[in-house]
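Peer 1: Quick note, the sequences are listed as chains Y, P, G and S, same order.
Just so you know, the first sequence maps onto residues 2 to 490 in our numbering.
Just so you know, the second sequence maps onto residues 2 to 490 in our numbering.
Just so you know, the third sequence maps onto residues 4 to 103 in our numbering.
Just so you know, the fourth sequence maps onto residues 4 to 103 in our numbering.
All C-beta atoms, glycine included, are put in the ideal place defined by N, C-alpha and C.
Could you have a look at this structure, given as structure tokens, before my questions?
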Amino acid sequence: MSWLPTLVQACYFLAALLFILGLKRMSSPRTARGGIVWAGVGMLVAVLATFALPDMQNRGLILAAVLIGVAAAWWSGRRVAMTAMPQMVALYNGMGGGAAAGIGAAELVAHVQRATVAVPDTYPLRPENWVTEALHQVPAVAPLSPVALGLGVLGALIGAVSFSGSLVAFAKLQGWMDRRFVFPGQRVVNLLVLLLAVVHGVMLAAGHLESPVILAFFVLSLLFGLLMTLPIGGADMPVVISLYNAFTGLAVAFEGYVLGNEAMIIAGMVVGAAGTLLTQLMAKAMNRSLGNVLFGSFGAAAGGAAQEIAGAQKPIEAADAAVMMAYAERVAIVPGYGMAVAQAQHKVWEFAKLLIERGVKVKFAIHPVAGRMPGHMNVLLAEAGVPYDLIEDMDDINPEFPNTDVVLVIGANDVVNPMAKTDPTSPIYGMPILDVAAAKHVIVVKRGKGTGFAGIENALFYADNTRMLYGDGQAAAGQLVSELKALDS
Amino acid sequence: MSWLPTLVQACYFLAALLFILGLKRMSSPRTARGGIVWAGVGMLVAVLATFALPDMQNRGLILAAVLIGVAAAWWSGRRVAMTAMPQMVALYNGMGGGAAAGIGAAELVAHVQRATVAVPDTYPLRPENWVTEALHQVPAVAPLSPVALGLGVLGALIGAVSFSGSLVAFAKLQGWMDRRFVFPGQRVVNLLVLLLAVVHGVMLAAGHLESPVILAFFVLSLLFGLLMTLPIGGADMPVVISLYNAFTGLAVAFEGYVLGNEAMIIAGMVVGAAGTLLTQLMAKAMNRSLGNVLFGSFGAAAGGAAQEIAGAQKPIEAADAAVMMAYAERVAIVPGYGMAVAQAQHKVWEFAKLLIERGVKVKFAIHPVAGRMPGHMNVLLAEAGVPYDLIEDMDDINPEFPNTDVVLVIGANDVVNPMAKTDPTSPIYGMPILDVAAAKHVIVVKRGKGTGFAGIENALFYADNTRMLYGDGQAAAGQLVSELKALDS
Amino acid sequence: MIDGFVALYIFMLAAFTGHEIIARVPVILHTPLMSGSNFVHGIVLVGAMIALGHASTPFEIGLGFVAVLLGAGNAAGGYVVTERMLEMFKPSAGKPGDKA
Amino acid sequence: MIDGFVALYIFMLAAFTGHEIIARVPVILHTPLMSGSNFVHGIVLVGAMIALGHASTPFEIGLGFVAVLLGAGNAAGGYVVTERMLEMFKPSAGKPGDKA
Ligand SMILES: NC(=O)c1ccc[n+]([C@@H]2O[C@H](COP(=O)([O-])OP(=O)(O)OC[C@H]3O[C@@H](n4cnc5c(N)ncnc54)[C@H](OP(=O)(O)O)[C@@H]3O)[C@@H](O)[C@H]2O)c1
Ligand SMILES: NC(=O)c1ccc[n+]([C@@H]2O[C@H](COP(=O)([O-])OP(=O)(O)OC[C@H]3O[C@@H](n4cnc5c(N)ncnc54)[C@H](OP(=O)(O)O)[C@@H]3O)[C@@H](O)[C@H]2O)c1
């Protein structure tokens with residue numbers, strides 16, 4: 002079966018090719034959907050080829066682990082709500098980082114065993130050792146080159162950080178954890194932990210392959226991932242997840258080098274580079290620098306000064322709101338995270354269609370970071386069937402607000418907060434916002450006085466031309482629909 | 002000096018990196034200029050590193066050849082006119098293809114020698130052979146793997162085709178050769194020659210390393226490049242040169258594999274892929290398919306039906322033309338190949354500035370394939386100092402022609418030929434053109450009744466609203482300038 | 004095992020490829036693309052399978068088993084989530100003329 | 004010498020890199036870019052130098068000499084021509100605000 006390794010190699014090559022082509026397609030809206038399928042085929046080919054590798058043991062265990070892992074992830078990924086996508090990405094990404102760290106650990110442990118068992122106990126023959134030897138059955142492991150050892154350790158470090166960091170990100174987004182965790186001297190402690198982890202890594206790379214060092218190395222690495230992520234505010238999580246995504250890619254590439262597997266090297270490196278760039282693009286879209294996201298005082302400032310705003314929120318009834326919009330010429334609808342939570346997109350689109358039938362010019366205005374992930378609102382509106390040409394980007398619609406009669410803000414908060422422009426002490430100061438305050442009238446749908454992701458007050462809700470329509474997003478949209486229908490009959 | 006090979010390797014790596022970064026910069030107008038410098042530094046590093054390789058012989062000869070080659074190319078490249086750039090690119094590209102073919106030939110010949118000399122003549126000792134042996138001094142050449150041999154032969158084939166093909170392209174553009182060379186059954190002959198070349202290549206790759214086979218292989222390859230290029234019309238040359246550019250890239254990559262030189266592999270492959278795409282983009286810009294360029298009947302059709310056009314060309318004096326434009330509200334200037342030949346861009350810009358001073362709204366309208374290379378007109382106008390905001394692309398200016406009072410066509414022909422839209426038998430039928438006929442008046446500057454690159458008549462010159470201002474481009478522009486100045490004084 | 008410089012070349016080229024692919028991606032694709040690249044590094048599953056396939060002591064086997072479990076989760080979960088997100092783009096992409 | 008599959012990976016990645024770099028280039032840069040990539044494959048000079056450096060018979064030396072000559076011409080000529088063309092882009096690029 003001398004052709005078998007070549008065939009497996011060819012499969013890996015095909016997989017790498019399909020990954021790249023798949024990612025290429027995913028980065029263009031027209032072809033995005035096919036891209037994931039291409040990449041999926043590549044993955045299938047690579048996994049099947051690996052099963053066919055000639056010198057594999059524990060095939061039953063491998064199959065079991067694969068089936069369990071796939072089943073669990075498939076099930077959870079299928080049933081999770083669209084709004085929970087970011088934390089699921091964090092979770093799966095953490096798993097990948099964990100796997101990479103695990104590979105690194107397995108390599109290191111294998112070499113410890115060889116160093117302590119293999120050489121001294123074979124000759125002279127000592128029957129009392131045969132049992133342990135048979136038990137250990139240590140096969141001849143080729144020693145790792147210094148480069149491989151170094152990269153393996155580095156990959157393990159990065160993978161472990163990505164693992165624990167992603168889990169924290171998951172827990173935060175899932176609401177399992179208080180959003181911020183800050184203590185004095187935090188940065189110094191973090192730096193120290195990282196330094197210690199690196200020191201242990203260097204020891205390992207230098208050949209000190211002893212169990213306590215390995216253990217300390219992994220504990221420190223995991224701890225650092227934890228500590229690094231804890232102080233970061235929830236609003237920055239997508240950026241952080243993207244960063245850990247790039248981390249995992251790098252970890253996979255480095256472990257791929259250790260295993261001599263080019264498909265892993267290439268896929269990992271492509272993701273590492275793509276993820277790094279994507280992280281920067283995301284941070285830019287949220288008007289933050291990466292350094293600011295990781296070490297900034299975003300969360301801290303928000304916790305401090307909770308500004309009081311003069312005036313009161315003025316409520317409005319659904320019937321009045323419906324009438325206002327029914328007789329308006331131009332209406333803009335600004336959806337936000339609340340629409341996603343309430344799953345109100347279908348009702349909102351029903352309402353918009355009724356307005357359009359009445360001759361009202363309706364547009365949807367989408368802020369790039371509305372919701373909890375980039376493109377969140379586009380996805381939801383697309384799901385509800387809103388045609389593309391009614392959806393406007395922030396840059397396109399901002400100049401139109403002064404000519405707009407009514408803006409219906411539904412579940413959005415931070416992305417329409419004028420304090421991002423007026424208040425330099427605000428944690429979101431400098432973020433570009435949808436200029437809805439420039440419109441003639443603003444109607445805001447939300448459940449109560451809850452703050453948005455940044456956890457701050459919003460001057461818009463107290464403005465003279467703003468009316469609050471309290472209630473759950475879906476219920477309120479439903480009311481608007483029925484009031485509008487009542488108008489016509 | 003065990004660090005030397007590593008240092009050389011590092012230099013090659015740096016060179017590959019700089020090539021990629023340089024090309025990246027060259028593909029964006031803002032950074033283009035720096036790009037060539039980056040790539041140039043990479044080249045310098047790679048060449049210096051190669052001199053330092055430990056097992057090199059003939060260092061003096063190498064230095065001499067490098068110096069002569071660089072000096073000759075530098076000198077010719079510096080003094081050639083801007084209009085002759087495309088043929089210079091063809092020439093230099095052909096040299097690269099030739100070098101790749103030469104490397105392939107040297108490898109093949111080295112292995113022939115080893116096969117015929119090394120084994121039989123050493124033992125038993127035959128003093129009468131010592132002289133020839135000492136002369137030949139064949140060192141132990143490691144045999145090539147089948148893959149390396151195959152790629153080496155393929156690279157040599159492609160390189161040779163690129164060599165002879167590029168030289169034909171050069172000769173054609175330089176005007177040294179009748180533009181077309183067609184005979185019946187040409188395609189069959191070409192195919193036959195290619196087939197024979199491939200057969201000989203396969204024989205070589207299969208190990209038949211005999212001098213006659215090698216000779217036949219190279220002669221056939223060169224012949225094919227010649228035959229393939231001869232029938233292609235001059236207007237298609239930039240596309241063909243770009244294609245040969247990609248060919249040379251591939252040849253270099255393959256020979257790089259034979260030599261185990263990754264910098265060559267990467268640089269060659271990057272150029273191979275980039276050149277292929279660029280070729281397609283160029284063909285698309287000229288509204289042709291690549292297959293049509295290579296095997297199409299563009300030239301043939303043009304040679305055949307020389308349509309007669311009813312009416313006569315109506316001449317105009319420079320003084321009248323100057324007055325017409327001086328009192329116009331909007332003037333568009335359409336430069337073409339003739340402006341490049343006449344080097345009239347400075348005078349044209351002087352004229353345009355005078356018009357602008359008088360309050361005339363002047364625009365330059367650039368067709369993407371005006372001139373003899375993409376971007377030709379932009380380069381010339383930029384050289385003359387025309388600011389960017391006066392230069393309009395075809396798509397932007399075409400809707401504006403109906404509102405334009407006078408269009409000054411200077412040395413352009415094919416790109417303003419309305420028959421591309423009206424006459425399905427025309428060889429340029431389907432090419433998008435500048436719609437100057439829609440303007441109120443058209444003034445055409447050319448020397449006489451010469452045709453453009455496609456060699457066909459142009460109905461525009463006979464149109465009712467067209468006047469011909471005969472003369473060399475630079476002289477005519479000069480006349481316009483002095484007439485305009487005379488008007489004011 | 005591939006040697007140092009060749010690996011360096013592969014690292015470099017893969018990094019360029021990844022970078023260039025993402026270079027001009029629109030904001031609305033950021034999340035699906037993050038998820039998609041998350042799926043792609045699920046190839047770590049292959050590495051984990053190799054690690055478990057070469058494990059001999061119980062400890063190594065346990066480690067390998069967990070690694071395979073995690074890697075499989077990364078690959079399968081990444082696929083499902085990405086597929087679901089991109090599914091949403093179908094209706095709008097279906098009407099190419101609609102874009103304003 | 005690098006082995007078959009690794010070479011294949013390098014070929015593939017380099018091809019992607021080259022393709023992606025050119026993917027969205029404006030028409031006016033077509034010619035300088037053609038010339039620039041023409042310069043880049045001037046790296047063939049290095050190969051020719053190695054061939055001549057290892058040549059031993061007069062015939063091989065002659066072949067190598069011609070190859071180096073041609074390679075040097077490719078590299079130097081490609082550089083000069085590209086540099087001259089891109090030089091032209093300086094004045095307009097110098098006024099970034101000018102573009103309509
Ligand atoms: N897109 C991204 O990539 C991304 C990722 C992470 C974070 N972020 C950040 O998230 C924020 C997004 O802004 P946003 O304006 O979309 O949302 P937001 O600022 O988080 O505000 C959401 C609002 O919706 C209301 N709401 C919640 N559930 C609701 C329901 N069922 N029905 C009706 N209203 C409901 C809440 O008020 P009540 O509680 O009073 O109802 C809340 O004020 C920005 O700060 C952004 O930086 C964005
Ligand atoms: N840009 C590219 O990439 C590229 C490359 C290769 C080919 N092409 C092809 O080249 C053509 C370009 O069209 P074009 O309109 O720019 O040029 P053209 O069709 O070649 O016409 C040039 C005209 O300029 C006149 N002319 C020549 N020397 C002159 C001088 N010294 N003073 C004044 N006039 C002079 C000639 O007429 P007289 O002889 O009567 O003066 C001729 O009719 C297209 O067919 C295109 O497809 C383009």
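When you measure from the CB of proline 375/P to every non-hydrogen atom of ligand 2, does any distance come out below 7 Å?
Peer 2: In the second sequence, residue 375/P corresponds to position 374, counting from 1. Because some heavy atom of ligand 2 lies under 7 Å away, the Cβ of proline 375/P counts as near it: yes.
Peer 1: For alanine 343/Y and alanine 320/Y, what's the separation of their Cα atoms in angstroms?
Peer 2: The residue you call residue 343/Y lines up with position 342 of the first sequence. The residue you call residue 320/Y lines up with position 319 of the first sequence. Those two C-alpha atoms are separated by around 20 Å.
Peer 1: Using a beta-carbon distance cut-off of less than 9 Å, what residues from the segment 6 to 21 of chain Y approach chain S?
Peer 2: Taking 9 Å as the Cβ-Cβ cut-off against chain S, the residues of the segment 6 to 21 of chain Y that qualify are Thr7, Gln10, Ala11, Tyr13, Phe14, Ala17, Leu18 and Ile21.
Peer 1: Return the chain-ordered list of same chain residues with a C-beta closer than 6 Å to the C-beta of glutamine 88/P, the five sequence neighbours on each side being excluded.
Peer 2: The residue you call residue 88/P lines up with position 87 of the second sequence. Counting only Cβ-Cβ distances below 6 Å, and skipping sequence neighbours, we find Phe171, Leu174 and Gln175.
Peer 1: Out of Arg359/P, Phe352/P, Ala322/P and Trp350/P, which one is the CA nearest neighbour of glutamate 330/P?
Peer 2: Here residue 330/P refers to the residue found at position 329 when the second sequence is read from its first residue. The shortest C-alpha separation from glutamate 330/P is found at Arg359/P.
Peer 1: Determine the DSSP secondary structure at leucine 64/Y, reduced to helix, strand or coil.
Peer 2: As a first step, residue 64/Y must be located in the first sequence, where it is residue number 63. Three-state DSSP puts leucine 64/Y in a helix.
Peer 1: Assign glutamate 484/P to one of two classes, buried (16 or more other C-beta atoms within 10 Å of its C-beta) or exposed (fewer than that).
Peer 2: Here residue 484/P refers to the residue found at position 483 when the second sequence is read from its first residue. Within 10 angstroms of the beta-carbon of glutamate 484/P lie 16 or more other beta-carbons, which makes it buried.
Peer 1: Quick check for students: name the residue ranges of the alpha helix (DSSP H) that lie wholly in the segment 26 to 91 of chain Y, counting only runs of 4 or more.
Peer 2: 33 to 52 and 60 to 80
Peer 1: Strictly below 9 Å CB to CB, what residues from chain P border valine 9/G?
Peer 2: The count along the third sequence starts at 1 and reaches residue 9/G at position 6. Simply Glu263.
Peer 1: Under 9 Å between beta-carbons, which chain Y residues line up against phenylalanine 62/S? List them in chain order, please.
Peer 2: In the fourth sequence, counting from the first residue as 1, residue 62/S sits at position 59. Chain Y residues near phenylalanine 62/S: none, gap ~38 Å exceeds 9 Å.
Peer 1: Hey, is the segment 31 to 49 of chain G in contact with the segment 12 to 19 of chain G, meaning 3+ C-beta pairs nearer than 8 Å?
Peer 2: no
Peer 1: Tell me whether proline 245/P is buried or exposed, calling it buried when 16 or more other Cβ atoms sit within 10 Å of its Cβ.
Peer 2: Position 244 of the second sequence, counted from the first residue, corresponds to residue 245/P. Contrary to the premise, residue 245/P reads as tyrosine rather than proline in this sequence. By the 10 Å Cβ count, tyrosine 245/P comes out buried.
Peer 1: Could you work out which residue in Ala252/P, Val324/P, Gly431/P and Val199/P is closest to alanine 101/P when comparing CA atoms only?
Peer 2: Position 100 of the second sequence, counted from the start, is the residue given in the question as residue 101/P. Cα-wise, what sits closest to alanine 101/P is Ala252/P.
Peer 1: Under a three-way DSSP split, which group does arginine 87/G fall into?
Peer 2: Locating residue 87/G in the third sequence gives position 84, counting from the first residue. Helix at arginine 87/G.
Peer 1: Do we get a CB-CB distance below 8 Å when we pair isoleucine 267/P with the residues of chain G?
Peer 2: Against the second sequence, residue 267/P aligns to sequence position 266. Isoleucine 267/P counts as touching chain G.
Peer 1: Using beta-carbon positions only, say whether valine 241/P and threonine 230/P come within less than 8 Å of one another.
Peer 2: Looking up residue 241/P in the second sequence gives position 240. Looking up residue 230/P in the second sequence gives position 229. Yes, the Cβ-Cβ distance between valine 241/P and threonine 230/P is below 8 Å.
Peer 1: For alanine 371/P, verify whether its CB is less than 7 Å away from any heavy atom of ligand 2.
Peer 2: Your numbering for residue 371/P matches position 370 in the second sequence. Yes, ligand 2 has a heavy atom inside 7 Å of this Cβ.
Peer 1: Answer yes or no: does any C-beta atom of chain P fall closer than 8 Å to that of tyrosine 12/S?
Peer 2: Counted from its first residue, the fourth sequence places residue 12/S at position 9. Answer no: the Cβ-Cβ gap between tyrosine 12/S and chain P never drops below 8 Å.
Peer 1: Starting from aspartate 390/P, follow the alpha helix (DSSP H) in both directions and report where the run begins and ends.
Peer 2: Position 389 of the second sequence, counted from the first residue, corresponds to residue 390/P. No alpha helix (DSSP H) holds aspartate 390/P; DSSP gives it neither H nor E.
Peer 1: In whole angstroms, what is the alpha-carbon distance linking isoleucine 317/P and glutamate 393/P?
Peer 2: By one-based count along the second sequence, residue 317/P stands at place 316. By one-based count along the second sequence, residue 393/P stands at place 392. If you take the alpha carbons of isoleucine 317/P and glutamate 393/P, they lie about 27 Å apart.
Peer 1: Pull up the distance between the alpha-carbon of isoleucine 69/Y and that of leucine 210/Y, whole angstroms please.
Peer 2: Taking the first sequence and counting its residues from 1, one reaches residue 69/Y at position 68. Taking the first sequence and counting its residues from 1, one reaches residue 210/Y at position 209. Using only the alpha carbons, I get a separation of about 32 Å.
Peer 1: Run through the DSSP bridge pairs and tell me what methionine 469/P is partnered with.
Peer 2: The residue given as residue 469/P occupies position 468 in the second sequence. Methionine 469/P is bridged to Pro316/P and Val445/P.
Peer 1: Give a yes or no on whether the minimum CB-CB distance between isoleucine 46/S and chain G is below 8 Å.
Peer 2: Reading the fourth sequence from its first residue, position 43 is the one you call residue 46/S. Output row for isoleucine 46/S: interface = no.
Peer 1: Per DSSP, what kind of secondary structure is phenylalanine 184/Y in: helix, strand or coil?
Peer 2: Mapped onto the first sequence, residue 184/Y falls at position 183. It is coil, neither helix nor strand.
Peer 1: So that I know if they touch, is there some Cβ in chain B lying closer than 8 Å to that of leucine 16/G?
Peer 2: Looking at the structure shown, chain B is missing, and the protein chains on hand are Y, P, G and S.
Peer 1: Thinking C-alpha only, which one of Leu295/P, Leu227/P and Ala82/P is nearest glycine 234/P?
Peer 2: Stepping through the second sequence from its first residue, residue 234/P is reached at position 233. Glycine 234/P has its Cα closest to that of Leu295/P, out of Leu295/P, Leu227/P and Ala82/P.
Peer 1: In angstroms with no decimal places, state the Cα-to-Cα distance between alanine 74/P and isoleucine 64/S.
Peer 2: Residue numbering aside, residue 74/P sits at position 73 when the second sequence is read from its first letter. Residue numbering aside, residue 64/S sits at position 61 when the fourth sequence is read from its first letter. Spanning the two alpha carbons is a distance of roughly 22 Å.
Peer 1: Taking 8 Å as the CB-CB cut-off, is phenylalanine 42/S touching chain Y?
Peer 2: The residue labelled residue 42/S in the question sits at position 39 within the fourth sequence. Not an interface residue.
Peer 1: Within 10 angstroms of the Cβ of alanine 311/Y, are there 16 or more other Cβ atoms? Answer buried if so, exposed if not.
Peer 2: In the first sequence, residue 311/Y corresponds to position 310, counting from 1. It counts as exposed.
Peer 1: Starting from the C-beta of alanine 438/P, find all residues in its chain whose C-beta is less than 7 Å away, skip the five residues before and the five after it, and write them out in chain order.
Peer 2: Within the second sequence, residue 438/P is the residue found at index 437, counting from 1. For alanine 438/P, where only same-chain residues beyond five positions count, the Cβ hits under 7 Å are Pro419, Leu461 and Ala464.
Peer 1: If you pair each beta-carbon of the segment 337 to 352 of chain Y with each one of the segment 2 to 16 of chain P, do three or more pairs fall below 8 Å?
Peer 2: no
Peer 1: Grouping DSSP H, G and I as helix and E and B as strand, with all else coil, what is lysine 173/P?
Peer 2: If you number the second sequence from 1, residue 173/P lands on position 172. The three-state secondary structure of lysine 173/P, taken from DSSP, is helix.
Peer 1: Where does phenylalanine 255/Y land, buried or exposed, given buried means 16+ other C-beta within 10 angstroms?
Peer 2: Sequence index remark: in the first sequence, residue 255/Y carries index 254 (1-based). Its Cβ being crowded by 16 or more others within 10 Å, phenylalanine 255/Y is buried.
Peer 1: Which value, in whole angstroms, describes the spacing of the CA atoms of asparagine 77/G and alanine 10/G?
Peer 2: The residue labelled residue 77/G in the question sits at position 74 within the third sequence. The residue labelled residue 10/G in the question sits at position 7 within the third sequence. Using only the alpha carbons, I get a separation of about 25 Å.
Peer 1: Is the closest heavy atom of ligand 2 to the C-beta of asparagine 379/P under 7 Å?
Peer 2: By 1-based counting over the second sequence, the position of residue 379/P is 378. Asparagine 379/P: no, Cβ never under 7 Å from ligand 2.
Peer 1: Does at least one heavy atom of ligand 1 sit under 7 Å from the Cβ of valine 71/Y?
Peer 2: For the purposes of this step, residue 71/Y is taken as the residue at position 70 of the first sequence. Flag unset: Cβ of valine 71/Y not near ligand 1.
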